[in-house]
Every structure is written in structure tokens, then in C-alpha cells.
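So in the working numbering, the last spot in the sequence shown is 1292, and the numbers never skip. The beta-carbon is built from N, C-alpha and C at its ideal position, and this holds for glycine as well. Read through the structure below, which is laid out as C-alpha cells, and then see the notes.
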Amino acid sequence: MHLTKRCSAALLALLAALIGCNTGVERDQYAPPVQRKPMMGPDTSRLKHFIAMNDPDAEQHLLRDVRALEANFYRWAGQRPLMRFVVSTTRHLKFAVDFTINSATFKSTGPFHIRYFVNGRELANELYSEPGEKHFEKDVPQDWLVKGGDTVVSMELDKVYTAEDGVKLGITLVRAGFKD
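Structure follows, in C-alpha cells:
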């Protein structure tokens, strides 16, 4: 009986030693997983500080209420256009926009105000009392801007023309953004 207990104990010890030993069979080896940047939404690497509406990258800047390019030059904006830009500095910048107030739509709306916002803060409230080509430009406080990140600009028109198909037309944008 002693012998069988000793044989069983020796057999168990041998079995335990074999389990822990390299048996000559190599385990599968895998390369570390590929490292990727987390998805943060659309690619913003091509965003600029200033954009013409006919620039190939313009679509990336237009977030809301700006229609397709027309005449390879301008885009109709509705009542609340929203755009984004990336600035490399926050010092001594002005927001500037070139647009046109269409004389046919102006006959319906008459004079109207445009409020300009940068990152949610009101920059200006301007009255436009006649149609034609317009240029707006104003200094932006440094602490309103985001260096290297999205700087969001919105414009709010208090009156727009409503076409027969229900589309709201405000102004035609030509270019917009930040300049020093």
C-alpha cells in the first residue's frame, strides 16, 4: 500500500513537471494590434482659416444652411448658416465675409439684420438696407478663438425670402473666414 501511494505521488509530481515544461511545441505568436487614432468625426486636416465658396475643400467648412455651389462662384445661405474654420493663431484676427444681397429677394424682404457669432458669442449685429455686394469685417477677441481646433461661425438673418418650393434664401456667400 505504501508503494502504491508512493507511485501515485511520484506519478503526480512527474505529471506536474511535464505540464510546466516546454514540450517542444511552440505556442502561436501574434503581432501587437495595429495602433490607430480614435475616430473623432470627419477629417478636419484640410480645414483652413479662410475659404472661397468654390474651393474644393469648402464643403468641409459648411456645417448648416448653405446650399450647393452655383455659377462656380457662390452659394446661397439660408437663415442660419454655420461654418467652421481652423486658425493657427488667435492673435490679431478679424472675421471677414464677402456676400451679395440679391435684388430680387430684397424686394420681398426689405432691409434686414445679420447677427454674426464666433463660437457662440455675438460679434456684431448689422443692418443691411440695400441689395448688392457686401463686405463685413471685424476684429475678434483673442479669447474667443480656438488655436488648431474648430472655430465655429454662425450668421443669423432676421428675414429671408421663401421661394415657391419652400426653400429659404438669404444671401449668396462668396468667401468667409479669418484674416490678420
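Can you check whether the CB of K1250 is closer than 8 angstroms to the CB of K1206?
In the sequence shown, the residue the question calls residue 1206 occupies position 94. In the sequence shown, the residue the question calls residue 1250 occupies position 138. Closer than 8 angstroms, so yes.
Could you give the C-beta distance for Y1273 and T1201, rounded to a whole number, given that I count them as a contact under 8 angstroms?
Taking the sequence shown and counting its residues from 1, one reaches residue 1273 at position 161. Taking the sequence shown and counting its residues from 1, one reaches residue 1201 at position 89. Incorrect: roughly 38 angstroms between the Cβ atoms, too far for contact.
Roughly how many angstroms separate the alpha carbons of G1222 and F1248, rounded to a whole number?
Your numbering for residue 1222 matches position 110 in the sequence shown. Your numbering for residue 1248 matches position 136 in the sequence shown. Near 19 angstroms, if we compare the C-alpha coordinates of F1248 and G1222.
Here's the rule: buried if 16 or more other CB atoms are within 10 angstroms of the residue's CB, otherwise exposed. What is A1288?
Stepping through the sequence shown from its first residue, residue 1288 is reached at position 176. Buried, because 16 or more other Cβ atoms sit within 10 Å of the Cβ of A1288.
Tell me whether S1220 sits in a helix, a strand or coil according to DSSP, three-state version.
If you number the sequence shown from 1, residue 1220 lands on position 108. S1220: helix per DSSP, three-state reduction.
Could you tell me if V1252 is buried or exposed, where buried requires 16 or more neighbouring beta carbons within 10 angstroms of its beta carbon?
In the sequence shown, the residue the question calls residue 1252 occupies position 140. Buried, since its Cβ has 16 or more Cβ neighbours within 10 Å.
If you compare alpha carbons, which of D1292, Y1240, L1285 and K1291 is closest to L1181?
Translated into the one-based positions of the sequence shown, residue 1181 becomes position 69. Cα-wise, what sits closest to L1181 is L1285.
Based on DSSP bridge pairs, tell me the residues matched to F1162.
Looking up residue 1162 in the sequence shown gives position 50. F1162 pairs with G1289.
Are the beta-carbon atoms of V1265 and F1197 separated by less than 8 angstroms?
One-based indexing of the sequence shown puts residue 1265 at position 153. One-based indexing of the sequence shown puts residue 1197 at position 85. Yes.
With 16 as the cutoff for other CB atoms within 10 Å, does G1282 come out buried or exposed?
Numbered from its first residue, the sequence shown carries residue 1282 at position 170. So G1282 ends up on the buried side.
Quick one: Cα of G1278 to Cα of A1189, how far?
Residue mapping note: residue 1278 aligns to position 166 of the sequence shown, counting from 1. Residue mapping note: residue 1189 aligns to position 77 of the sequence shown, counting from 1. Whole-angstrom Cα-Cα distance: 14 angstroms.
Starting from the C-beta of L1159, find all residues in its chain whose C-beta is less than 7 angstroms away, skip the five residues before and the five after it, and write them out in chain order.
For the purposes of this step, residue 1159 is identified with residue 47 of the sequence shown, where counting begins at 1. The residues are Q1172, H1173, R1196, F1197 and V1198.
For a minimum of 4 consecutive residues, which ranges assigned as the alpha helix (DSSP H) are wholly contained in the segment 1197 to 1276?
Taking only runs of at least 4 residues, the alpha helix (DSSP H) segments lying wholly in the segment 1197 to 1276 are 1215 to 1221.
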